[in-house]
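J.: Numbering (the numbering used here), first residue to last: 362 to 1503. We put the CB at the ideal spot given by N, CA and C, even for glycine. Please read these numbers as outputs of a predicted model, since none were measured by experiment. Sharing a structure, written as structure tokens. Questions coming.
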Amino acid sequence: MWLKPEEVLLKNALKLWATVKSNDYFILQRRRGYGEGSGGLAGLLVGTLDAVLDSTSKVAPFRILHQTPDSQVYWIIACGASEEEITQHWEWLQQNIMRTLSVFDSSDDITSFVQGKIRGLIAEEGKVSLVQEEDPEKFREALLRFESWFSLPAKEKLVTYYSCSYWRGRVPCQGWLYLSTNFLCFYSYLLGNEVKLVISWVEISRLEKTSSVLLTESIRVCSGGEDHCFSMFLHLQQTFLLMEQLADYAVRRLIDKETFPSDHILTDPLQITKRGLETHARNEAFRAFFRLPREENLLEVYESFLWVPFSHFNTLGKICVSENYLCFASQDGSKCHLIIAMREILSVEKPDRSSRALTVCMRGKRALRFSEVRDFERLAGTIRRQCGNTASPQHSASSQMLLECGEDEEGLMVGQKDSSKTVSTEALMNVFHPQDAENLDPKMLKEKMKEQSWQIHFAEYGRGTSMFCTKKTRDLIVRGVPESLRGELWMLFSGAVNDMATHPGHYSELVEASLGTSSLATDEIERDLHRSLPDHPAFQSDTGISALRRVLTAYAYRNPKIGYCQAMNILASVLLLYAKEEEAFWLLVAVCERMLPDYFNRRIIGALVDQAVFEDLIREHLSQLTEHMTDLTFLSSVSLSWFLTLFISVLPIESAVNVVDCFFFDGIKAILQLGLATLDYNMEALLCCNDDTEAVTILSRFFDSVANKDSPLPATVQQAPVGSNNRAAQRVDISDLIREAYEKYGDIKSEEVESMRRRNKLYVIQTLEDTTRQNAVRVVAQEVKFSASHMDELYVLFKRQHFLSCYWTVSSPALQHHDPSLPYLEQYQLGRAQFTSLFLLLQPWSPGAYTHTLARWTFRLLDDNNDGLVNFREFCRALDILYSGSFTEKLKFLFKMHLPPVCSPDSPDDGVIRKSPEKGRGKVDLQAYLKQWQDEIQRKEESIKDLPRIDQAQFIQLSKTLYSLFHGDPEEEALFRAVARVTSLLLRMEEVGRRLQEDLAPSQTSSTSPQSPSPSKTPSSAPPPQTASPVEGAVEQLQTLQVDQDPSSPGQVTSDGGAPSSPDGTSDPPSSSTMETEPANTPSEHTAPPSPQAMDWSFSFEQVLASLLNEPVLVRFFEKPVDVQRHLDRAKRDQLKAQINK
């Protein structure tokens, strides 16, 4: 098979490879240990190594290298599993390439030509192999193995599988790696040794490619503090990228609570496929590179040449077509890219069929010529079809070209819709600092020279959305953007111009809809309005403050998931200075949703990820500083504001806007470069620091000394650095600093930054999750008797139970009500079904018929606010009582479980989650939160005297519960007898007390009311002679409970006279296999209905406690120690199985 050309060092491979054929440009080699002459120690060693490391995806035994006579560099271009396969490749090179190479004069040209040909062959093979790669029969067999080996639920979706080696220490285990929607699984069985591994994606903290002396490349997975290493040779890069996508998808869906409503590929976790993930990744990379709206998807890709008029040559690149855009990116090192909105295209012509060329005519009398397009007719048809589906141009930036065609600009502005009364249509800088055309001071002259340079650039490269972006464009950006063009160029380079064009009138609708709304976001916005550039005249007036309020409120209304976050006000205020109000809104959308993802939320994950990337770059480029500062956490804390505000908060505004210029052109890469340049500039001073305070002072003074000597802004607008009057000689010009950043660190590629972002995101999220766990455990540990290690394990089980309910559903209620911004104890909560599953795994008693009922009542008891959710603190408190509580505490817990409304019958709304926290939607009642917090502080220990009395039905149910707890206990029979004695005693005592009250009732009644109260009622002093005592009926019910538990239990009392005796010496009725327990409030069918007064009896908790304390066997049962670790280990082992068996 043909391979993407990669450099190899032939010197190190001489002992592993033998040359079979060679010529001036190519070498065919055979790996030692294969074919003829494979004997000898070296061949035996190589063959054994390949067989042990990877028996099915081992290194191919044949390969072809490309070389040039005057070069020491070799390129691997093909490999083969057999001599026949590699010979076919060799013969093709001899027939099709060798003759052509003789016409080239330069070795570089030869290598470029060969690489281009090989890439073309790979592209052709890819179209065919894409269908053949996924063999349905093989995939079906792999799915059956996956289901049988790992016993996961049938809903778990297998995405793909690979053959690989899993390293346990220094020993490799050859097996299969299975990647599913929620788990990474590995299975190996070799010589009777079975290795099985199941890792949840949301538990992975590190996922990276590594290399070592033994392994050229491998994938390292870190989960739960353990490292797992997998080695793959033919599919390593593909596997790694897919693992990254699955891990990121799991984190976004389960931890960040994303639902992906606009992405049908990711909406349903049960329908995830390998091809779908690859398509999603390709679409995201396409949108990120060209800064396109998130609705755009990559539809077609064509390789072609584009005629570049300003350079007078054809540049090789790829045409990318989406629903509304035609994009081009060069691949020959010219770094030229172009975006053409379909709304700007007038026609498509095919002038030259021999060169497979087509010409795209656009508004403004411009045309682009693409040549050597492999399927140019299909491309032309696609462009014509897409142009017919797009609307007319909507954005004012496009109107610049429309003016050249003589068209009217009026009516093309977005969002007017009679909104001029509320929406500002001028940039604040034009209002508060209009430029004076007659001003001829040096700064204004330099400003006009910048404008003239950009006008020349526009004339050569175009203006608006279809402008060529090249190295020259970046050079102009680095020198500084003119004040008059800053807003237009920000809109263009950020892609906000396209968002605005495709959503006409959207901002005005948001302003109207959000007007007068009240929420947590609006409260925070009002608080921060006057903190946004308070020294600037624009924000000392109602004009600027009102515009800022509208932009921030409209965005919070548009995106309630983000709402409002600190630092957004600073960024929006700078955008309003140079862009119109609606443009500033769309710029804010571009920054928050595309360019700085996950920056502006409660946990600022995006900023923390980029700080981790910044630390990696410091280690790579500033090793001297790394050696001095072994802990880079200090630099992370200092640089947080750099990333959140794009240096606006630390630099004077006239200097900070130059940084923003570079950011909108190069993205986060520009901020990283400037951060490295800042540290490099202050390297000597930082190396002399003794503590962090000194370093902070040095950096603060440095930022104070940064100035923009070319800024035309007046002194009233510029921010004068504090204490700079005696340090004027040490001023640093922002243009020089930016230029130095690009010269020293401009080789950092955006693709590398994105790769580092993906690698560090998992680590950052797991670090935050660990912090959440530590804080939750620390708070709850003060209230329970569990050890620290047991608390950690309990939290992991609790969190995993939350996720298990979300794995195989599209819209899990628990997932919908999970909010990472909530307090530590509220971040993960369990609904009734989740709680029941976990409670059954951890309960200290043997499972029985009443186990589910106990779990349901326990949930009701803990859910005191009736929101349908139980948090970690409530769960641990209950377990602590059941595991480590005293006899009195455990009995009180059981007693409260049998009081209404806990023990009430199930209702349709039982277990329904009623809590719906939507950040930014509703106004938060802070007073209610304060009151709840105060009540928790002042809450005193509940006294047993505060507990209500328990009636007959509840007491009978309590007795049933006690019987169910004893099932399987070695002293089961003795416990049954003890409960029977206690219940009989309590009921007899209550009978005596009731009769004493009845005897006193006639005298009290006669003294107060001599006449009969009603002829229809029977006097209490003369009850009906046939009425049986309700206590006797209750005793009969309780005596039959032993029979209902388990006829085969060792403690079962049979009908042969072995029934327990009551305290009064009478024998309990014999048991019978046909005997049934009657309802709690239903008398026996052989007795007459008791009177209402006869049924009015109850027990207090003190009575129940005192009676049970008289039975030592009961006290021993409840006070015997519980092996907490054994229960935790069982729960960890069976948690997933319990979910499968539900």
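(1) I'd like the span of the beta strand (DSSP E) that includes residue 567, first residue to last.
(2) For residue 1199, which of 530, 1147, 1498 has the nearest alpha-carbon?
(3) Using a threshold of 8 Å, state whether the C-beta atoms of residue 1496 and residue 1158 are closer than that.
(4) Taking residue 438 as part of the beta strand (DSSP E), name the residues at either end of that continuous run.
(5) So, for residue 483: in the same chain, excluding its five sequence neighbours on each side, which residues have a beta-carbon less than 8 Å away from its beta-carbon?
(6) Measuring CA to CA, which of 519, 711, 604, 387 is closest to residue 455?
(7) Distance, Cα to Cα, residue 632 vs residue 640?
(8) Going by DSSP in three states, residue 430 sits in which element: helix, strand or coil?
(9) Between residue 1030 and residue 831, how many whole angstroms is the CB-CB distance? I'm expecting something under 8 Å.
(10) Could you tell me the alpha carbon to alpha carbon distance between residue 1014 and residue 1026, rounded to whole angstroms?
(11) Have a look at 1002, 984, 977 and flag the residue whose alpha-carbon is nearest the alpha-carbon of residue 960.
(12) Quick check on residue 629 - is its C-beta less than 8 Å from some C-beta in chain C?
(13) If you measure between the beta carbons of residue 937 and residue 789, is that distance less than 8 Å?
(14) Can you name the start and end residues of the alpha helix (DSSP H) that residue 1023 belongs to?
(15) Among the residues of its own chain, which have a CB less than 6 Å from the CB of residue 1487, if the five just before and after it don't count?
(16) My assumption, with CB atoms under 8 Å, is that residue 1123 sits in contact with residue 612. Please give the rounded CB distance.
(17) Run through the region 679-761 for me and flag every whole beta strand (DSSP E) of 3 or more residues, listed as ranges in chain order.
(18) Straight-line CA distance for residue 896 to residue 803?
(19) Work out the CA separation of residue 1121 and residue 583 for me, nearest whole Å.
(20) Among 972, 1330, 1476, 1162, which residue has its Cα nearest to the Cα of residue 1492?
(21) What residue range does the beta strand (DSSP E) around residue 1128 cover?
(22) Are the beta-carbon atoms of residue 1218 and residue 1263 separated by less than 8 Å?
(23) With distances taken Cα to Cα, identify the nearest neighbour of residue 699 among 596, 854, 707, 748.
(24) Is DSSP giving residue 1442 helix, strand or coil here?
(25) With which residues is residue 533 paired in a DSSP beta bridge?
(26) Helix, strand or coil for residue 1342, going by three-state DSSP, please let me know.
(27) Identify whether residue 1168 lies in helix, strand or coil by the three-state DSSP scheme.
(28) Pull up the DSSP beta-bridge partners for residue 425, would you.
(29) Using a threshold of 8 Å, state whether the C-beta atoms of residue 1521 and residue 1322 are closer than that.
(30) Need the endpoints of the alpha helix (DSSP H) that residue 497 sits in, please.
(31) Rounded to whole angstroms, what is the Cα-Cα separation between residue 922 and residue 573?
(32) Can you tell me which residues form a DSSP beta bridge with residue 581?
(33) Between the region 715-723 and the region 650-661, do three or more beta carbon pairs fall short of 8 Å?
(34) Can you find the residues in the same chain that come closer than 6 Å, C-beta to C-beta, to residue 1141, ignoring five residues on each side of it along the sequence?
(35) Look at the Cβ atom of residue 851, then the Cβ atom of residue 837, and state whether they are nearer than 8 Å.
(36) Alpha carbon to alpha carbon, what distance is there between residue 620 and residue 614?
T.: By the coordinates alone:
(1) 565-571
(2) 1498
(3) yes
(4) 435-441
(5) 363, 364, 365
(6) 387
(7) 14 Å
(8) coil
(9) Actually they do not touch by this definition, with Cβ atoms about 17 Å apart.
(10) 19 Å
(11) 1002
(12) Reference to chain C is not applicable here, since this structure consists of a single protein chain.
(13) yes
(14) 1014-1027
(15) none
(16) 7 Å
(17) 686-691, 698-702, 706-710, 719-723, 727-732
(18) 26 Å
(19) 12 Å
(20) 1162
(21) Careful: residue 1128 lies outside any beta strand (DSSP E), inside the alpha helix (DSSP H) at 1111-1142.
(22) yes
(23) 854
(24) Confidence at residue 1442 is low in this model, with a pLDDT of 37, below 50, so the placement of that residue should be treated as unreliable; the coordinate-derived value is given next. Coil at residue 1442, not helix or strand.
(25) 528
(26) helix
(27) coil
(28) 389, 439
(29) This structure cannot settle anything about residue 1521, because the visible part of the chain is limited to 362 through 1503.
(30) 497-511
(31) 43 Å
(32) 569, 590
(33) no
(34) 1234, 1237
(35) no
(36) 6 Å
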